[in-house]
Each structure stands twice: as structure tokens, then as C-alpha cells.
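Numbering (our numbering), first residue to last: 5 to 146.
Notes to accompany the following structure.
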């Protein structure tokens, strides 16, 4: 089994969360592979900026999730993916999705709507965790 490590951000502004819409209509959080000699934190920030065009500051490390899947190449490969998530605050709501990565839009959605729109259960759970943390700590929401 091959292990891949990624990092991403749950980005908030006010009472909203950033989601990316893929060409197939799925809404996802920004994330991507950690490059060689790159920290998890810097990879998460880089991926958020690359995929959404949104300028952010990291608030804290939130959690990690892992899952397995089969990559269909010439030889089926079993992949174990570990994704490290950071809570981030956007400088503003400016977004520019990275079309060459398969994203057609990047938008901020109210907390409850973001939870409903997120395509994957694990991403919904991490959004819920982020919203609970934001609500508890009140990170200078505006």
C-alpha cells in the first residue's frame, strides 16, 4: 500500500466557510499533497491559495483524517491517504478558483449550508469540528 500525505484548510470569514466546486458539481475543501521538504502548515496554506486564490492566516492545527482508496492506473494501487487539516481565517472573501485543477467556483457559504454541501462525510465532520471551535473561541469573526 502506498501512503500519501496531504494538507488543507477549513477557511472561514465571518460566519461562512470556503468550499470549492468541482466540474462534476461536488463541493470540497481545498487540500493537496505535501511536497518534499515542505511543512504541513505551509503545504496547507499553499494549497488554499493555489486552489482558491484566497489569502489566509492559520489559526491552528485542527485534526487529521485518513482513508483508503484504489487508484485505477495500469496497475490498481491501494492508497492510504492522510489529510492534515488547519483552521484558517480569510483576509477577505476574494476567490479565484484554479480551473486547471478542475474547480469551477470558489465561494463562502454560511456554516450550516457548507456542512450540507460538502461532498464527503469526513469533510463534513471536519467542518463541524471547525464551526464548533470557531463558535467557542470567537476568533475575531469579522
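Note that the Cβ used here is the ideal one computed from N, Cα and C, for glycine as well.
Source: prediction; values computed, not measured.
- [ ] Could you tell me which residues DSSP puts in a beta bridge with residue 133?
- [x] None; residue 133 has no bridge partner.
Open item on the list: Let me confirm a value: residue 136 is counted as buried when at least 16 other C-beta atoms fall within 10 Å, else exposed. Which label applies?
Closed with: exposed
Task: Where the beta strand (DSSP E) containing residue 17 begins and where it ends - done: 6-17
Task: Sequence ranges, alpha helix (DSSP H) only - wholly within the region 61-121, length at least 4 - done: 115-121
- [ ] Using beta-carbon positions only, say whether residue 66 and residue 89 come within less than 8 angstroms of one another.
- [x] yes
- [ ] Kindly give me the distance between the Cβ atoms of residue 36 and residue 12, rounded to whole angstroms, as I take these residues to be in contact under 8 angstroms.
- [x] 7 angstroms
Open item on the list: How far does the beta strand (DSSP E) with residue 37 in it extend, from its first residue to its last?
Closed with: 35-37
- [ ] Decide if residue 107 is buried, meaning its Cβ has at least 16 other Cβ atoms within 10 Å, or exposed.
- [x] buried
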